[in-house]
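**Student:** Quick note, the sequences are listed as chains L and P, same order.
Using this note's numbering, you'd call the opening residue of the first sequence number 182 and step up by one each time.
Using this note's numbering, you'd call the opening residue of the second sequence number -6 and step up by one each time.
Think of the CB as a built atom: it goes at the ideal place given N, C-alpha and C, for glycine as much as any other residue.
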Amino acid sequence: MSSMRFAVSMLSVLGIASIIGTVLKQNEPYSNYIIKFGQFWFSFFETLGLYDVYHSSWFLVILLFLITSCSLCIYRNSPLMIKEWRTFKEQATEKSLNAFSHQETYAVNALENSNLANTKQQLILFLNAKGFKYKFKTQSDGSELIAAKAGTHQRLGYIFTHSAMVVIFFGGLLDGNLPFKVQELLGLKRIETLDIPESKVPAISRLSVDNPSFRGNMTLPEGTSDNVAFVRVRDGYLVQELPFRIGLKDFRIEHYATGQPKSFESDIVITDPDLKAPLTKTISVNHPLTYKGVAIYQSDFQDGGTKLNFKVWNLLAKDNHPQALDGTIFQKGILGGDAKGEGANVVKVEYNDFRKFNIINLSPDGKGKPHNVGPNITYKLRDAQGQAREYVTYMQPMQIDGKYYFISGMRESVQEDFHYLRIPVDDDLSINGFMNLRATLLDPAKFEEIAHHLAQNVAAKNQGPNDKALPVNQPFENSVVQLLRNFAQGGYNQVAQVIEKNVPEKEREVAAKAYIKMINLAAFEAYNMNLATNKKPLLVNNAETQSLIQDSLNGFSDMFFYGTPYFLQLENFEHKEASGLQLTKSPGEKWVYLGSALLVLGIFSMMYIRERRIWLLLKPASNQVHFSMSSNRKNLDFEQEFSLYREQIRNLIVSK
Amino acid sequence: MNNVMDYQAKTLLQRLNWQDWLYALLLMAGAIFAYRKYASYMDIYEVVFLFGAAAVFSYLGWQWKAIGKLVLAVAAVSLFSISLYHGDQARATQTFLLKFLISSQSAIMWMNVMFVLAMVTYWFAMFKRSVFAGNVATALTWSATLMGFVGLMVRWYESYLIAPEVGHIPISNLYEVFILFCLITALLYLHYEKNYNTKQLGGFVLLVINAAVGFILWYTFDRQANNIQPLVPALQSYWMKIHVPANFIGYGSFSLAASVSAAYLLANKGLLASRLPSLEVLDDLIYKSIAVGFAFFTIATILGAIWAAEAWGGYWSWDPKETWALIVWLNYAAWLHLRMVKGLRGPVLAWWALIGLIVTTFAFLGVNMFLSGLHSYGTL
Ligand code: HEM
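(1) Hey, would you say the C-beta of L/T268 is under 7 Å away from at least one heavy atom of ligand 1?
(2) Could you tell me which residues DSSP pairs with L/D484 in its beta bridges?
(3) I want to see whether chain P comes within less than 8 Å of L/M810, judged by CB atoms only; does it?
(4) Pull up the distance between the alpha-carbon of L/L244 and that of L/A778, whole angstroms please.
(5) Can the beta-carbon of P/P226 be found closer than 8 Å to that of L/P442?
(6) Give a yes or no on contact between the region 692 to 711 of chain L and the region 733 to 741 of chain L, applying the rule of three or more CB pairs nearer than 8 Å.
(7) Given that P/F287 touches chain L, what residues does it touch there, using C-beta distances under 8 Å?
(8) List the residues of chain P whose Cβ lies closer than 7 Å to the Cβ of L/G332, in chain order.
(9) Using 8 Å as the threshold, is the region 212 to 232 of chain P in touch with the region 158 to 170 of chain P, meaning 3 or more CB pairs across them?
(10) How many Å lie between L/E275 and L/R257 at the Cα?
(11) Taking the alpha-carbon positions, what's the P/L373 to L/Q364 distance?
(12) Please tell me whether, using a cut-off of 7 Å, the distance from the CB of P/A250 to the nearest non-hydrogen atom of ligand 1 is below it.
(13) Closer than 7 Å by beta-carbon distance: list the chain P residues that pair up with L/L779, in chain order.
(14) So what's L/M810 in DSSP terms, helix, strand or just coil?
(15) Are the beta-carbon atoms belonging to L/R791 and L/M810 less than 8 Å from one another?
(16) Should L/I451 be labelled buried (16 or more other beta-carbon atoms within 10 Å of its own) or exposed?
(17) For P/I292, which residues in the same chain have their Cβ closer than 6 Å to its Cβ, ignoring the five residues on either side in sequence?
(18) Do you know how far the Cα of P/G196 is from the Cα of P/H184?
(19) Using DSSP with H/G/I as helix, E/B as strand and the rest coil, what is L/M579?
(20) Rounding to the nearest angstrom, what Cα-Cα distance links L/A802 and L/E820 in this structure?
(21) Taking 8 Å as the limit between beta carbons, can you name the residues of its chain near L/I305, skipping five residues before and five after?
(22) Can the beta-carbon of L/A498 be found less than 8 Å from the beta-carbon of L/P746?
(23) Any heavy atom of ligand 1 closer than 7 Å to the Cβ of L/H343?
(24) Taking all protein chains shown into account, do 16 or more other C-beta atoms lie within 10 angstroms of the C-beta of P/A111, making it buried, or fewer, making it exposed?
(25) Is any non-hydrogen atom of ligand 1 found closer than 7 Å to the C-beta of P/N188, if you look at the structure I gave you?
(26) So L/V573 and L/F587 are in contact, right, with Cβ under 8 Å, and what is the actual spacing, rounded?
(27) Does P/T291 get closer than 8 Å to chain L when you measure Cβ to Cβ?
(28) L/R186 to P/L275, Cα distance in whole Å?
(29) Relative to the C-alpha of L/D598, which residue among L/L622, L/R570 and L/M576 is closest?
(30) Applying a beta-carbon distance threshold of less than 9 Å, which residues of chain L neighbour P/H330?
(31) Taking all protein chains shown into account, do 16 or more other C-beta atoms lie within 10 angstroms of the C-beta of L/P378, making it buried, or fewer, making it exposed?
(32) So with CB distances below 7 Å, who are the chain P contacts of L/T439?
(33) Quick check on the burial criterion: 16 or more other C-beta atoms within 10 angstroms. Buried or exposed for L/F558?
(34) Tell me, which residues are paired with L/L429 by DSSP?
(35) So, does the region 142 to 160 of chain P touch the region 108 to 122 of chain P, judging by three or more C-beta pairs under 8 Å?
So, in structure tokens, the structure goes:
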């Protein structure tokens, strides 16, 4: 296990194992996985721990293998490394030196005593100049060995680097979930999977203030305080009790001129019996606060129970009197039903989210700049059978292709995209123009009047200005009324069905065109009838008003696919935010940083300090100096250095 | 006999001449000027970084004279460019010199153009064995680097013109770091080019750089990514200023190693062998650049962990970007060990380094494209 091949395999296995968790999104709500994989594969993957790979037992085992291997490796190699670090290898014999791949023998002018001392002096100066340390050893045959070394600190690098891994792992382990896993196995702790009030969570799912290490979350609405955090585990959670109470005074988001968020800040207050006065502090992203070993971070934000006032329109009713409705985010409300809010047609509203800023890129090709389109709300409407649809509605009209619309999206399940209903605004940028038209087009009592106006106008156009009374074209008016009746029952879709039923296939296209034109003209009349009633200036027929009518009719037709007759128009809100805090206590952090420092030190020593050894054997008997050199890393630098030294030594001691 | 003192390796300080001192003095003066003018906007870390940068670039300039010249040239051209703005961003497209040469956008475009030309010239030099063309290619690479750095510096300034609150160092999104990547890789290559006295590898290294150039062009013209965006809160940290460059020294080195590995594999098959440096030299280069990359990548990852601890509340969250950094790191740790296993040299390691580039590219780019996570560094 301490072999290098094993180390390489473990490094590769860990790398490959790590990939899994990046491909499959981790720690999603389990329902998402069920939808994605189906029940069978969901359970299978759950058994494998694939939803939280990095905290699964098998991943821990891989890490353990690597660390054990690393430790064994240190255990086995350290004595050697320390020996190599200290030794000058002065025990080398002439025979072993002759076996070196990098060596040279110089013939020196008679190495008699004075000359010998001189040569030795030169060599020592040379070694000093090159930064080598050395030791002398007289051989049994009277020759003298100078054993020199440089850069042996490299060997310490090995110990640093590899112990660093162990230290980092140890730190990680302190902060990991191993203690909880053990307690869970022993049945001492259990995660809570039900959505119940915190105070109802049983002791078995609570972690005490003494818990040395945790990473939990806390959502604090403005003006509230709390002393517990939630630790998410798989598909449930644990309640972590805190040794103090955190209150949120204010949460702020600041924005750049472009609307993108610039900062998230929370003014928090810590109250603790140990404190004389509450501690007030502002935290923001990148600027946490640490108190009593617990670090408090700004992590996200959500709604804290914004109060909302709506106008509720009944899209399919022929009146245009909206009802008032009040609601609060995270609470529920009721629409329809009788006075008590009961009956078969009761719809429950679940107010899910309010967002004050929405940065959207509305340019058709997606290349324009995103900008803020103002507040929106997300809510669910649940009918008596429990069927729910999700809606997102924007408060202000949005500009699309140069025109303004009120936008509301509907979807039947979370995997779908929203289908949007676009309601064009009227001249006052209000929704009333459309709502009035809609009410008129739904009211059979008005159809004859519309048809009559239309017939008159058509006739007026066809006739010269001098003609007197306009003829009444009763069959035409009847067909307009009939068409409007069909349209009122389901918009274009209904008209299409009628055509399909009554018109032979060849003539359908022509008929459809004629009908659509007729509906447009009728709607134009209806719109003007409403304007006249409200004493507003009438529309003149031009491209702009035609597109308004066309958009209104599209909206009218889409309304039948909106899934509910109720359109919630947001009138007013009282914004209340909640700050999402992350709380961590992480005793392993120091260890991880210590290990990191060791690691950097170790890696740099290992790669940038080059161990080299030189042996110079002075042999008076044969008038020779033998030079040999070695390094534990044989690369180009070493070759170059050897050649250089060989020549320099020659120049020093071989007289010419 | 020679005097042994001739062989004494001079220490760095002994080797310095008056130009070196003048250079360092200039940098220090620049730092002091910036400090006096902007100290009120900086926190203690940024002050340390400012003077640290002056020290680091002095040291680099002492060790490698060409870098000193580059630093001075970048400073001169950038300051000149900035002076032409008169504090008005609109002038970038109105003043002749800015519009066609040294506004941030134009300088970056010149960088792109010159990298392409440099690549072509390097290949030409190799096939024709032309020393002259080789020198031209080197000069082009230096010029591209100059323009790239000028582009980034001026972009930094431009970001403050949009609004003081928007201003930030231009290493904060994919577009900007791709430029940084090109520049760092080019500098690393130029360093080895000088040390190994070989110009034949330029064509290979510039292939990788030009892939990045291609990306920059696509990103500019198709996605308008060159527009300066304000920083999201998570990125507003002094850590970014060292975490990102350290990362890109890592990425750059790994890319360099991969390019040289490609050359190695060709030479090993006998292709271009007579034109390329010997296998030993190539092998050595691969090892050195992986060693440099590994060391800096380690530092970058540690800095990232410290930053994450400060921004997200945990030094390690197994977020995809972090995890892929770990995978890259493990990959090269395995490579370094393999090299020490006896007998494993040559093609296997070269292939491994080449594949390493794919892993690295995925960590660098793929994660942003295909995976989601905490890293708010930008998606495509
Ligand atoms: C995550 C774990 C590990 C890391 C980050 C790591 C890192 C390194 C590094 C950076 C080097 C230097 C390479 C060079 O100078 O070119 C090295 C060398 C070495 N590693 Fe590891 N290593 C790890 C695990 C292991 C394990 C498990 C073993 C056990 C076999 C091992 C044995 C060695 C040996 C024997 C050397 C060569 C030392 C020398 O001759 O100077 N390493 N390691």
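**Tutor:** Answer, in terms of the structure:
(1) Working through the first sequence from its first residue, we reach residue 268 of chain L at position 87. Outside the cutoff, so no.
(2) Counting from one through the first sequence, the residue named residue 484 of chain L turns up at place 303. In DSSP, L/D484 forms a bridge with L/E758.
(3) Position 629 of the first sequence holds residue 810 of chain L. Closer than 8 Å to the CB of L/M810 there is not a single CB belonging to chain P.
(4) Here the question's residue 244 of chain L lines up with position 63 in the first sequence. Here the question's residue 778 of chain L lines up with position 597 in the first sequence. Near 21 Å, if we compare the C-alpha coordinates of L/A778 and L/L244.
(5) As a working mapping, residue 226 of chain P is identified with position 233 in the second sequence. As a working mapping, residue 442 of chain L is identified with position 261 in the first sequence. Yes. Within cutoff.
(6) Three or more Cβ pairs drawn from the region 692 to 711 of chain L and the region 733 to 741 of chain L lie within less than 8 Å of each other, which places the two stretches in contact.
(7) The residue labelled residue 287 of chain P in the question sits at position 294 within the second sequence. Neighbours of P/F287 on chain L, chain order: I784 and M788.
(8) Here residue 332 of chain L corresponds to residue number 151 of the first sequence, with the count starting at 1. Simply none; closest approach about 13 Å.
(9) The answer is yes - the region 158 to 170 of chain P touches the region 212 to 232 of chain P, with three or more Cβ pairs under 8 Å.
(10) Numbered from its first residue, the first sequence carries residue 275 of chain L at position 94. Numbered from its first residue, the first sequence carries residue 257 of chain L at position 76. Whole-angstrom Cα-Cα distance: 30 Å.
(11) Sequence index remark: in the second sequence, residue 373 of chain P carries index 380 (1-based). Sequence index remark: in the first sequence, residue 364 of chain L carries index 183 (1-based). Bear in mind that the predicted position of P/L373 carries a pLDDT of just 43, short of 50, making it unreliable; the figure below should be weighed with that in mind. One C-alpha to the other measures close to 44 Å.
(12) The residue given as residue 250 of chain P occupies position 257 in the second sequence. No, ligand 1 has no heavy atom inside 7 Å of this Cβ.
(13) Taking the first residue of the first sequence as 1, we reach residue 779 of chain L at position 598. For L/L779, there are no neighbours in chain P by C-beta distance under 7 Å, as the nearest C-beta there is about 11 Å away.
(14) By one-based count along the first sequence, residue 810 of chain L stands at place 629. Note: L/M810 maps to strand in three-state DSSP.
(15) Taking the first residue of the first sequence as position 1, residue 791 of chain L is located at position 610. Taking the first residue of the first sequence as position 1, residue 810 of chain L is located at position 629. Against a cut-off of 8 Å, the Cβ pair of L/M810 and L/R791 comes out as no contact.
(16) The sequence position of residue 451 of chain L within the first sequence is 270, counting from 1. Buried, because 16 or more other Cβ atoms sit within 10 Å of the Cβ of L/I451.
(17) By 1-based counting over the second sequence, the position of residue 292 of chain P is 299. Here the set comprises A239.
(18) By 1-based counting over the second sequence, the position of residue 184 of chain P is 191. By 1-based counting over the second sequence, the position of residue 196 of chain P is 203. Going from the Cα of P/H184 to the Cα of P/G196 covers about 15 Å.
(19) Translated into the one-based positions of the first sequence, residue 579 of chain L becomes position 398. Note: L/M579 maps to strand in three-state DSSP.
(20) Sequence index remark: in the first sequence, residue 802 of chain L carries index 621 (1-based). Sequence index remark: in the first sequence, residue 820 of chain L carries index 639 (1-based). In a straight line, the C-alpha of L/A802 is about 30 Å away from that of L/E820.
(21) Position 124 of the first sequence, counting from 1, holds the residue named residue 305 of chain L. Excluding residues within five positions, the ones whose Cβ falls inside 8 Å are Y315 and I327.
(22) Locating residue 498 of chain L in the first sequence gives position 317, counting from the first residue. Locating residue 746 of chain L in the first sequence gives position 565, counting from the first residue. Yes, these two residues count as a Cβ contact at 8 Å.
(23) The count along the first sequence starts at 1 and reaches residue 343 of chain L at position 162. L/H343 Cβ: within cutoff of ligand 1.
(24) Counted from its first residue, the second sequence places residue 111 of chain P at position 118. Around the C-beta of P/A111, 16 or more other C-beta atoms lie within 10 Å, and the residue is accordingly described as buried.
(25) Numbered from its first residue, the second sequence carries residue 188 of chain P at position 195. In this structure, P/N188 has its beta carbon at no less than 7 Å from each heavy atom of ligand 1.
(26) Counting from 1 along the first sequence, the entry for residue 573 of chain L is found at position 392. Counting from 1 along the first sequence, the entry for residue 587 of chain L is found at position 406. The C-beta distance from L/V573 to L/F587 rounds to 12 Å, too long to meet the 8 Å contact threshold.
(27) By 1-based counting over the second sequence, the position of residue 291 of chain P is 298. Residue-level contact by beta carbon holds for P/T291 and chain L, with a gap shorter than 8 Å.
(28) Your numbering for residue 186 of chain L matches position 5 in the first sequence. Your numbering for residue 275 of chain P matches position 282 in the second sequence. So the alpha carbons of these two residues sit roughly 25 Å apart.
(29) The sequence position of residue 598 of chain L within the first sequence is 417, counting from 1. Looking at L/L622, L/R570 and L/M576, the one whose alpha-carbon comes closest to that of L/D598 is L/R570.
(30) Here the question's residue 330 of chain P lines up with position 337 in the second sequence. Those are M185, R186, A188, V189 and L192, listed as they occur along chain L.
(31) Residue 378 of chain L sits at position 197 when you count from the first residue of the first sequence. When all chains shown are included, L/P378 counts as exposed.
(32) Numbered from its first residue, the first sequence carries residue 439 of chain L at position 258. Proximity of chain P to L/T439 at the Cβ level (cut-off 7 Å) is accounted for by P223, in chain order.
(33) By one-based count along the first sequence, residue 558 of chain L stands at place 377. For the record, residue 558 of chain L in the displayed sequence is Ile; it is not Phe. Classification of L/I558: buried, given that the 10 Å Cβ count is 16 or more.
(34) For the purposes of this step, residue 429 of chain L is identified with residue 248 of the first sequence, where counting begins at 1. Beta-bridge pairing links L/L429 to L/I449.
(35) With fewer than three CB-CB distances shorter than 8 Å, the region 142 to 160 of chain P does not count as touching the region 108 to 122 of chain P.
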